[in-house]
Each structure stands twice: as C-alpha cells, then as structure tokens.
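Residue numbers are given in UniProt numbering: position 184 of the sequence shown equals residue 184, and the series is strictly consecutive.
Notes to accompany the following structure.
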Amino acid sequence: MSNVVLEAKNVVKHFTDGKSTVEVIKGLSLKVHAGEFISIVGSSGSGKSTLLHVLGGLDRPTEGQVWLNGQRFDHMGEAERGYLRNQHLGFVYQFHHLLPEFSALENVAMPLMLREGTNYKDVKAQAEYLLNRVGLSHRLTHKPGELSGGERQRVALARALVAKPALMMADEPTGNLDRKTAVKIFELLSDLRQEFNMAMLIVTHDEQLAQTADSILHMQDGLWAEP
1 MSNVVLEAKN VVKHFTDGKS TVEVIKGLSL KVHAGEFISI VGSSGSGKST LLHVLGGLDR
61 PTEGQVWLNG QRFDHMGEAE RGYLRNQHLG FVYQFHHLLP EFSALENVAM PLMLREGTNY
121 KDVKAQAEYL LNRVGLSHRL THKPGELSGG ERQRVALARA LVAKPALMMA DEPTGNLDRK
181 TAVKIFELLS DLRQEFNMAM LIVTHDEQLA QTADSILHMQ DGLWAEP
C-alpha cells in the first residue's frame, strides 16, 4: 500500500460562536493508502464527524493541510473541491440523503449524470449493476419513501460507488439501522471495497463493527487517543 490517496497534515478546526471559540480538532495527521480500510472510533462529541467533513472537503480546516490524490485540497474553491470529490470520493452518511422525488436508479446515477459528456445508457447500466450488487434489482423504480431504512442505505451505498471512487468515506453508516441490518451493511461494504479496489475511511462509535478494518484510530476530545 504505497500510494497515498488522502493525507491530512496537522489539521485544526475551530468554530466561533460570538466571543467564544470551540476547538473541535486539535492538530491531527493521517494517511490513507490505496486499498486500505481505516475506521475511526470515539464517543459522541469527540470530533469524528467534523474531521470526516474536513477530510472530504465539505469544510475547510482552520489550520493544516489536506491532500487528495497528490493535490492540495483544502485551499481550493468550492467548485474545485466539488469537482475533485465527484472524481475521487464516495460518501455514505448515517442519514441516506437520497432525493425523495427520484427513483433508486436515478439517485444512484446522479453523481455520474453531473459529469460532462456522460452517456446515459452507460450510466444507467452501471447504476443497475450496483443496485443488483447491493441486492436491490427489484427496487430500481421505487422512490426512497417506498423503501425500508436498510434498503435506503444500500441505495446510498450504490450511489457512493457509481463513480468508482479511490476512497469511500462513511459517517456512522449503520447508526440508524438495527443490529442485523448493520452487520449486513458492513459485510457489504467490505465486499465492495475488495471488488472496486478502493480505500475506505469509516467513522463509527461501534467498536465491534470497527474491528473489520485493517486499522482502528481512536479519537477523544479532538485528538488521537490510546485504545
């Protein structure tokens, strides 16, 4: 695992509320190599989700640097960061964030439809393949409101994979699911990581599910901590 997909260097994140400043991330560094699976665990309020948002370019660090596939990511404008996210990153959240007015197939195809020169026939075929891969070939035309919580999360997973990202980032992807469904989602994530040869960075409070990762990082009060 020599190729570094994502690197954070001394990342700090502050939030200011009136006259007070809250330091959420206090100088963290991290490397994610191609094909590597890292889980970040910690209690609620430890800074896990904030860190993932900064690493994924959804927010800027107050200090430090974030590099994505060899490009300095954190100081780019929103449009540039959005372009790189679309090209190299896939996201799965605790809440699926599917578009309610579109079918499962349309939701999955959306990231590729945003690219210039997209061939709809190819995109549709890729979206259908992924929905079949996550066990939803019978739900292609169903809208999110017609799906169960586990099914919606599988659609979100397929959507994150449709662009064949170098890195999948997931924020509590099983937090809203019952235990049986959560285990199935984690098993599916692991299988798809192997199939797509991608790196994976998952934030979770579930130590048992985190054990499936290649390595585990523990976070406490905005810092790496001993397990």
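Note that CB positions come from ideal geometry on N, CA and C, so glycine has one too.
By the neighbour-count definition (other C-beta atoms within 10 Å, threshold 16), residue 179 is an exposed residue. With at least 16 other beta carbons inside 10 angstroms of its own, residue 91 counts as buried. Take residue 202, set aside five residues on each side of it, and the residues of its chain with a beta-carbon closer than 6 Å to its own are 39 and 170, in chain order. Using a C-beta cut-off of 8 Å, the stretch 124-143 makes contact with the stretch 155-167, since at least three inter-stretch Cβ pairs fall below that distance. By the Cβ rule, the stretch 41-49 does not count as touching the stretch 62-71, because fewer than three pairs are nearer than 8 Å. Between residue 197 and residue 35, the gap from beta carbon to beta carbon is short of 9 Å.
When secondary structure is reduced to three states using DSSP, residue 204 falls in the strand class. Annotation for residue 121: the continuous alpha helix (DSSP H) segment containing it runs 120-133. When secondary structure is reduced to three states using DSSP, residue 155 falls in the helix class. A buried status is given to residue 13, since no fewer than 16 other beta-carbon atoms sit within 10 Å of its beta-carbon. Cα atoms of residue 97 and residue 187: separation of roughly 21 Å, rounded to the nearest angstrom.
Judged by beta-carbon spacing, residue 182 lies within the 9 Å limit of residue 206, meaning their Cβ atoms are closer than that value. Between the stretch 112-131 and the stretch 144-151, the count of C-beta pairs closer than 8 Å stays below three; the two stretches do not touch. Taking the Cβ atoms as the reference, residue 94 lies roughly 6 Å from residue 176, within the contact range of under 8 Å. Only buried fits residue 6, as 16 or more other CB atoms lie within 10 angstroms of its CB.
Burial check for residue 99: the Cβ neighbour count within 10 Å stays below 16, so the residue is exposed. Residue pairing by DSSP puts residue 90 in a beta bridge opposite 168.
Between residue 15 and residue 24, the gap from beta carbon to beta carbon is short of 9 Å.
Shown here for residue 88: same chain residues with a beta carbon closer than 7 Å to its own, the five before and five after excluded, namely 68, 69, 165, 166 and 167 in chain order. Per DSSP, the unbroken alpha helix (DSSP H) holding residue 188 starts and ends at 179-196. At a Cβ-Cβ threshold of 9 Å, residue 110 and residue 120 do not count as neighbours. In the displayed model, residue 78 falls within a helix according to three-state DSSP. Distance from residue 225 to residue 155 at the Cβ level is roughly 35 Å; contact not present, criterion being Cβ atoms closer than 8 Å.
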